[in-house]
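According to the numbering used here, the sequence shown holds residues 113 to 305 in order.
Heads up, the beta-carbon is just placed ideally off N, CA and C, and yes, glycines get one too.
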Amino acid sequence: MPDLIPTRATPDDTPRILELLDNAAAWLHRRGITAQWSIGGFPTERIISDIRDGHVYVVRHDTSLVAAVTIDRRADPELWQPDDNPDRAVYVHRLVVRRSWAGRRIGALLLDFAAECAAAAGLPLVRVDCAKGNTDLHRYYTSMGFSHVRTVDLPHRRSGALFQRATCGDRTAPALTTDLKAGVTLSANLSRR
Ligand SMILES: CC(C)(COP(=O)(O)OP(=O)(O)OC[C@H]1O[C@@H](n2cnc3c(N)ncnc32)[C@H](O)[C@@H]1OP(=O)(O)O)[C@@H](O)C(=O)NCCC(=O)NCCS
Numbered sequence: 113m114p115d116l117i118p119t120r121a122t123p124d125d126t127p128r129i130l131e132l133l134d135n136a137a138a139w140l141h142r143r144g145i146t147a148q149w150s151i152g153g154f155p156t157e158r159i160i161s162d163i164r165d166g167h168v169y170v171v172r173h174d175t176s177l178v179a180a181v182t183i184d185r186r187a188d189p190e191l192w193q194p195d196d197n198p199d200r201a202v203y204v205h206r207l208v209v210r211r212s213w214a215g216r217r218i219g220a221l222l223l224d225f226a227a228e229c230a231a232a233a234g235l236p237l238v239r240v241d242c243a244k245g246n247t248d249l250h251r252y253y254t255s256m257g258f259s260h261v262r263t264v265d266l267p268h269r270r271s272g273a274l275f276q277r278a279t280c281g282d283r284t285a286p287a288l289t290t291d292l293k294a295g296v297t298l299s300a301n302l303s304r305r
């Protein structure tokens, strides 16, 4: 497999990130998974501001955008409670891999990258919230070393299954460390808004 390194997205990547997300949503709908992502339903303004704030990372290969993820310290207050110590984690959002690149553990690479981001910021946990009823997706996160924290069932939210994984451990990809050290300002960029 070619070297695939997460790098910060730039504003120019916005249309291609939206296209990547829409393609993934269409793939899910084709599989009958409609209660997760809506096609065309992604928050463009939020994605633009997340890119500007340095929270969005992409994986490129040649001219293609292979994958994307947003990593920040924004705990969703409807889901994560004060008892969860929301400040002690980084949060993964909109993790996506282009279908033609699926099955090569690029999702795992990005989740390891999130763990490196957390470690670089001195934080012990990586967290994600995902669609409440999507047991296959829950299995995916469990297979990636995440534990189910609980499921918050709010009627107006599709998301609510909460997962977390410790930052340190043998799942962290050492190959990414060098890139991260070179990339420097993670802690600053992961500051909460
Ligand atoms: C999650 C994702 C980034 C992982 O990419 P990857 O490392 O290439 O791994 P794969 O795509 O092969 O997915 C691993 C397994 O999880 C399953 N899976 C992934 N996302 C899923 C979803 N949203 N719903 C149900 N199953 C899902 C895949 O079908 C696959 O199952 P299999 O091993 O039985 O074939 C990628 O599958 C993806 O973009 N999924 C759609 C978007 C998504 O759900 N993101 C997470 C948001 S919380």
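Fill in: Beta-carbon separation (whole angstroms), residue 279 vs residue 237, contact threshold 8 Å
Translated into the one-based positions of the sequence shown, residue 279 becomes position 167. Translated into the one-based positions of the sequence shown, residue 237 becomes position 125. Right, their Cβ atoms sit about 6 Å apart.
Discussion item. Going by DSSP, what residue range makes up the beta strand (DSSP E) through residue 275?
Written reply: Working through the sequence shown from its first residue, we reach residue 275 at position 163. Segment 271-278, the beta strand (DSSP E) holding residue 275.
Discussion item. Distance check for residue 166 and residue 178, CA to CA, integer angstroms please.
Written reply: Here residue 178 refers to the residue found at position 66 of the sequence shown. Here residue 166 refers to the residue found at position 54 of the sequence shown. Those two C-alpha atoms are separated by around 18 Å.
Worksheet item: For the putative contact between residue 168 and residue 180, defined by C-beta atoms under 8 Å, what is the C-beta separation to the nearest angstrom?
Response: In the sequence shown, residue 168 corresponds to position 56, counting from 1. In the sequence shown, residue 180 corresponds to position 68, counting from 1. 7 Å between Cβ atoms; contact.
Discussion item. Quick check: the segment 134-143 against the segment 151-160, are at least 3 beta-carbon pairs closer than 8 Å?
Written reply: Taking 8 Å as the limit for Cβ pairs, the verdict is that the segment 134-143 does touch the segment 151-160.
Worksheet item: Just to confirm, does residue 203 get its C-beta within under 8 Å of one of the non-hydrogen atoms of ligand 1?
Response: Position 91 of the sequence shown, counting from 1, holds the residue named residue 203. Outside the cutoff, so no.
Worksheet entry | 8 Å Cβ shell around residue 259 - same chain, five flanking residues per side excluded | For the purposes of this step, residue 259 is identified with residue 147 of the sequence shown, where counting begins at 1. Closer than 8 Å at the Cβ level, and outside the excluded window around residue 259, lie 275, 276, 277.
Worksheet item: Which term fits residue 157, buried or exposed, when burial requires 16 or more other beta carbons within 10 angstroms of its beta carbon?
Response: As a position in the sequence shown, residue 157 is number 45, starting the count at 1. So residue 157 counts as exposed.
Worksheet entry | Beta-ladder partner(s) of residue 309, from DSSP | One cannot answer for residue 309 here, as it falls past the ends of the chain, which runs 113 to 305.
Worksheet item: Where residue 120 and residue 245 are concerned, what is the direct C-alpha to C-alpha distance, given to the nearest angstrom?
Response: The residue labelled residue 120 in the question sits at position 8 within the sequence shown. The residue labelled residue 245 in the question sits at position 133 within the sequence shown. Near 31 Å, if we compare the C-alpha coordinates of residue 245 and residue 120.
Fill in: Where the alpha helix (DSSP H) containing residue 250 begins and where it ends
As a first step, residue 250 must be located in the sequence shown, where it is residue number 138. Residue 250 -> alpha helix (DSSP H) spans 247-255.
Worksheet item: What are the start and end residues of each continuous alpha helix (DSSP H) run of 4 or more residues lying completely inside the segment 126-207, in chain order?
Response: 126-142, 156-164
Item to complete: Using only the heavy atoms of ligand 1, determine whether one of them is closer than 8 Å to the beta carbon of residue 215.
Response: Position 103 of the sequence shown, counting from 1, holds the residue named residue 215. Result yes, Cβ under 8 Å from ligand 1.
Worksheet item: Out of curiosity, what's the CA-to-CA distance linking residue 173 and residue 197?
Response: Position 61 of the sequence shown, counted from the first residue, corresponds to residue 173. Position 85 of the sequence shown, counted from the first residue, corresponds to residue 197. If you take the alpha carbons of residue 173 and residue 197, they lie about 37 Å apart.
Worksheet item: Whose C-beta lies closer than 7 Å to the C-beta of residue 241 among residues of the same chain, with five residues either side of it excluded?
Response: Taking the sequence shown and counting its residues from 1, the one referred to as residue 241 is at position 129. So the qualifying residues of the chain are 188, 191, 271, 272, 273, 274.
Fill in: residue 191: CB within 8 Å of a non-hydrogen atom of ligand 1
Looking up residue 191 in the sequence shown gives position 79. Residue 191 Cβ: outside cutoff for every heavy atom of ligand 1.
Worksheet item: Considering residue 221, what are the terminal residues of the alpha helix (DSSP H) in which it resides?
Response: As a working note, residue 221 is residue 109 in the sequence shown. Where residue 221 is concerned, the enclosing alpha helix (DSSP H) stretches over 218-232.
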